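Just so you know, the protein sequences line up as chains H and V, in that order.
Position in the first sequence (first residue = 1) + 10 = our numbering.
Position in the second sequence (first residue = 1) + 10 = our numbering.
Note that the Cβ used here is the ideal one computed from N, Cα and C, for glycine as well.
Note that the coordinates shown come from a computational prediction; the quantities given were computed from them, not determined experimentally.
2 protein chains.
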Amino acid sequence: MTSLLLADVRPWGGAAVDVTIVDGVISDLTPAGTGRTDGQRVDGQRVDGRGLLALPGFVNAHAHVDKSWWGQPWVSYGGQPATQGRIAHERAERDKYGIPSAAGAKAVLREFLRHGTTATRTHVDVDLGVGLRGIAGVLEAAADLNGAVEVEIVAFPQDGVLRRPGVLDLLDKAAAEGATSIGGLDPASIDRDPVGQLDALFEIAARRGVGIDIHLHDRGDLGAFQYELIAERTLQEGLQGKVNVSHGFALGELSPARRTELVDQLGAAGISWTTVAPPTSAPLPFREMRAAGVPIGLGTDGIRDLWSPYGDGDLLQVARGFARLHGLRTDEDLTYAVELATTHGAGFVHRENHGLTPGARADIVLLDAENAPDVLVRAPRREVVITGGQVVVRDGELQI
Amino acid sequence: MTSLLLADVRPWGGAAVDVTIVDGVISDLTPAGTGRTDGQRVDGQRVDGRGLLALPGFVNAHAHVDKSWWGQPWVSYGGQPATQGRIAHERAERDKYGIPSAAGAKAVLREFLRHGTTATRTHVDVDLGVGLRGIAGVLEAAADLNGAVEVEIVAFPQDGVLRRPGVLDLLDKAAAEGATSIGGLDPASIDRDPVGQLDALFEIAARRGVGIDIHLHDRGDLGAFQYELIAERTLQEGLQGKVNVSHGFALGELSPARRTELVDQLGAAGISWTTVAPPTSAPLPFREMRAAGVPIGLGTDGIRDLWSPYGDGDLLQVARGFARLHGLRTDEDLTYAVELATTHGAGFVHRENHGLTPGARADIVLLDAENAPDVLVRAPRREVVITGGQVVVRDGELQI
């Protein structure tokens with residue numbers, strides 16, 4: 011048994027407490043000054059929290075850790091506009107940068123850790139070129155970090171499904187070998203057959219008992235139509251709680267009446283939503299979604315890849331982007347945006363207990379901030395990051 | 011004569027040089043390793059630039075340094091939506107937080123410095139309640155910092171002009187006493203008399219020889235109509251090069267044909283533009299504006315005030331917001347966004363020579379970055395900030 015006493019921290023900016031961690035799990039929170047390192051401990055370690063604000067580790071619910079050039083010399087963007095052009099560009103250029111690789115995935119996961127992310131759902135490209143090699147690389151990277159970042163895999167057919175015969179077999183194999191979800195991509199605009207792609211994906215998911223997490227960039231009514239197809243199939247196959255729409259830009263673009271109808275349908279089918287809150291997208295009807303029971307998760311999307319040079323893996327900056335895009339200003343709303351980056355992400359990585367509470371994995375981020383709204387608007391440096399009871403960041407610097 | 015040798019820095023990410031600074035002005039750039047601290051120096055100081063990337067100091071072309079609660083305990087947002095509600099909220103609440111004050115302005119200017127801003131154009135509220143007291147406070151704060159941030163004042167009638175009899179006299183007085191511009195605010199939606207407000211402002215500006223910098227939140231055709239009124243009066247009064255539109259959200263909302271017509275008209279009248287690039291605004295036709303000779307400056311807007319809790323004074327984050335809002339991805343475009351925060355801002359603070367060139371004031375920011383695009387997408391910590399030859403930030407920490 012190992013133990014760690016995290017002394018004098020303020021959960022969510024509240025009263026200072028000592029957090030006792032045993033075997034990587036939070037065992038107790040007591041008023042500051044009352045925590046013990048003696049007694050049952052074996053190698054009790056003490057970390058001085060200096061009254062810093064404490065949050066649960068961040069959950070990045072939509073990442074692409076397999077396809078980054080993070081850590082390599084700068085790669086000038088040379089792709090084409092629109093989704094199809096970027097897909098082709100990536101496939102043509104990725105070998106040149108050794109993408110995908112375990113080393114590349116590890117570099118990204120380390121950046122996540124540096125910024126306080128301790129669990130992620132990552133889409134990993136599965137296509138006729140790389141097969142399942144990308145997934146193997148990500149799993150190797152995660153293992154190499156001893157699970158410091160918990161990684162959940164979506165086998166992602168970035169290059170299309172039906173239009174690339176053989177990809178369905180790869181998705182099926184990935185589902186059999188540990189991917190918790192299979193992905194999809196714009197069934198209409200990429201595969202040119204929304205019913206065909208969705209039927210095929212739902213068949214695999216139902217048979218293998220995995221989830222579906224589908225990228226939907228299609229706009230307006232074309233996007234909305236595909237949400238309906240997804241909701242119908244989710245209910246038919248009894249996959250409530252296991253289906254997620256990623257991006258789903260169209261939802262914010264519809265008329266209020268149409269939007270409300272769809273949000274209700276999504277809620278009834280137990281469908282969740284992940285967004286990376288790009289500034290050029292329409293705001294989501296997040297209050298309606300919350301009321302309808304549609305979980306929302308935040309993600310960084312890819313960082314520094316052949317799609318875009320942006321991103322550094324800081325989920326708090328995504329939360330701030332979400333808040334600004336939606337015009338949030340009250341303390342309650344700003345705190346909600348921080349919750350999106352932390353506790354609200356739990357379901358996306360299948361954590362039942364994620365928070366600063368006894369029984370939760372000891373994933374804790376310390377920041378020099380007054381309160382949660384202050385965290386949101388400044389996104390200050392992560393002073394200390396603890397994951398599974400291990401201190402991985404001190405004074406903003408990665409220790410592993 | 012004082013001198014400083016800034017050794018081994020990479021201007022804009024290029025080859026390493028030594029920068030010699032004499033009496034606060036850049037005197038020479040020579041290949042790294044060849045700079046001298048001996049000879050003509052009196053108290054030659056040497057700063058090791060460690061191969062960091064060097065940029066000219068940032069120019070915040072649209073700030074409100076008089077109205078922030080920066081440095082005070084968190085103030086929960088309690089205002090109303092829309093411009094009119096926020097004006098009223100601010101007027102009702104500001105006394106409670108000691109706004110405006112020299113101390114408050116100084117706290118903001120220090121945050122600017124910490125983030126590399128060495129010159130700013132700031133709007134300062136002028137109204138029947140505070141008179142010109144806000145301007146006096148800002149000037150006191152700037153003097154207290156020994157000019158580390160060069161401050162240019164816009165006397166800003168935040169509460170309206172014609173609808174508040176007496177405000178025109180205050181603007182006239184401010185123009186006589188050193189404000190370089192007088193401001194205006196939505197002549198249509200706030201004063202309900204666009205022609206009346208603009209005629210009055212232009213009369214003062216022409217008589218006093220100052221500029222005009224007008225806040226225009228009005229959208230669509232109502233905004234566009236007011237741009238026309240402004241352009242017409244600018245030409246009539248011979249104020250080309252002295253008139254600026256702040257925000258001007260409408261420009262991005264017009265049909266392409268109408269937009270082109272207006273951009274040409276703005277260019278012909280020598281009108282400039284400042285934006286804070288909010289994620290909810292329409293992208294500006296910045297390429298057309300550039301082609302038409304309409305200068306664009308970036309600003310932080312207010313930070314932590316009774317309008318909004320957002321903002322920390324980091325102009326690089328505004329540049330990144332601009333880049334993301336406009337979908338910039340190529341190296342050339344990402345570098346342009348950094349230039350907006352630095353060299354392109356020079357005209358907004360009446361600097362003829364602003365850059366890493368001999369003869370320019372020695373305002374230099376060092377960052378640990380590979381190249382300008384890398385600066386833009388990561389907005390990393392400002393390792394060293396030098397202003398007027400004085401080192402004011404080391405290792406990211408303010409020294410003054």
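Three-state secondary structure assigned by DSSP to residue i
| i | result |
| --- | --- |
| residue 271 of chain H | helix |
| residue 145 of chain H | helix |
| residue 295 of chain V | coil |
| residue 120 of chain V | helix |
| residue 354 of chain V | helix |
| residue 49 of chain V | With a pLDDT of only 49 at residue 49 of chain V, under the threshold of 50, the placement of this residue in the model should not be trusted, and no figure is reported. |
| residue 228 of chain H | coil |
| residue 182 of chain H | helix |
| residue 71 of chain V | strand |
| residue 150 of chain H | helix |
| residue 17 of chain H | strand |
| residue 12 of chain H | coil |
| residue 174 of chain H | coil |
| residue 343 of chain H | helix |
| residue 61 of chain V | strand |
| residue 368 of chain V | coil |
| residue 6 of chain V | Absent from the structure is residue 6 of chain V, since the part of chain V shown begins at 11 and ends at 410. |
| residue 428 of chain H | Since the displayed chain H opens at 11 and closes at 410, residue 428 of chain H lies outside it and no answer follows. |
| residue 391 of chain V | coil |
C-alpha gap between residue i and residue j, whole angstroms
| i | j | result |
| --- | --- | --- |
| residue 40 of chain H | residue 367 of chain H | 11 Å |
| residue 344 of chain V | residue 302 of chain V | 21 Å |
| residue 37 of chain H | residue 154 of chain H | 27 Å |
| residue 141 of chain V | residue 147 of chain V | 12 Å |
| residue 321 of chain V | residue 247 of chain H | 47 Å |
| residue 167 of chain V | residue 390 of chain H | 34 Å |
| residue 249 of chain H | residue 311 of chain H | 25 Å |
| residue 91 of chain V | residue 316 of chain V | 12 Å |
| residue 270 of chain H | residue 228 of chain H | 19 Å |
| residue 331 of chain H | residue 62 of chain V | 29 Å |
| residue 57 of chain V | residue 14 of chain V | 7 Å |
| residue 52 of chain H | residue 11 of chain H | With a pLDDT of only 43 at residue 52 of chain H, under 50, the local geometry of the prediction cannot be trusted, and no value is derived from it. |
| residue 395 of chain V | residue 236 of chain V | 40 Å |
| residue 238 of chain H | residue 25 of chain V | 56 Å |
| residue 406 of chain V | residue 93 of chain H | 39 Å |
| residue 234 of chain H | residue 263 of chain H | 9 Å |
| residue 17 of chain H | residue 31 of chain H | 11 Å |
| residue 5 of chain V | residue 376 of chain V | What is shown of chain V runs 11 to 410, which leaves residue 5 of chain V out entirely. |
| residue 73 of chain H | residue 105 of chain H | 20 Å |
| residue 23 of chain V | residue 97 of chain V | 43 Å |
| residue 19 of chain V | residue 342 of chain V | 21 Å |
| residue 29 of chain V | residue 400 of chain V | 13 Å |
Cβ neighbours of residue i in the same chain (closer than 8 Å, five flanking residues each side left out)
| i | result |
| --- | --- |
| residue 159 of chain H | 119, 122, 123, 127, 128, 129, 130, 152, 397 |
| residue 95 of chain V | 89 |
| residue 214 of chain H | 178, 181, 182, 185, 192, 220 |
| residue 49 of chain V | Residue placement at residue 49 of chain V is poorly supported in this model, since its pLDDT is 49, which falls under 50; the coordinates are not used for a value here. |
Min CB distance residue i to chain C below 7 Å
| i | result |
| --- | --- |
| residue 289 of chain V | Here the protein chains are H and V, and chain C is not one of them. |
Other residues of its chain near residue i: CB distance less than 7 Å, five sequence neighbours each side excluded
| i | result |
| --- | --- |
| residue 371 of chain V | 34, 35, 398 |
| residue 161 of chain V | 130, 132, 148, 152 |
Beta-carbon proximity list for residue i, same chain, < 6 Å, skipping 5 on both sides
| i | result |
| --- | --- |
| residue 369 of chain V | 363 |
| residue 172 of chain H | 201, 203, 206, 207 |
| residue 199 of chain V | 228 |
| residue 253 of chain H | 222, 244, 281 |
CB contact flag (residue i, residue j, <7 Å)
| i | j | result |
| --- | --- | --- |
| residue 278 of chain V | residue 308 of chain V | no |
| residue 256 of chain V | residue 223 of chain V | yes |
| residue 335 of chain H | residue 347 of chain H | no |
| residue 283 of chain H | residue 306 of chain H | yes |
| residue 102 of chain V | residue 76 of chain V | no |
| residue 328 of chain V | residue 299 of chain V | no |
| residue 125 of chain H | residue 365 of chain H | no |
| residue 319 of chain H | residue 87 of chain H | yes |
| residue 373 of chain V | residue 67 of chain V | yes |
| residue 358 of chain H | residue 165 of chain H | no |
task: Only counting runs of 3 or more residues, tell me where the beta strand (DSSP E) segments fall wholly within the region 286-335 of chain H, in order along the chain.
output: 306-308
- request: Enumerate, from N- to C-terminal direction, the unbroken alpha helix (DSSP H) stretches of 4 or more residues contained entirely within the region 192-256 of chain H.
  value: 204-218, 230-246
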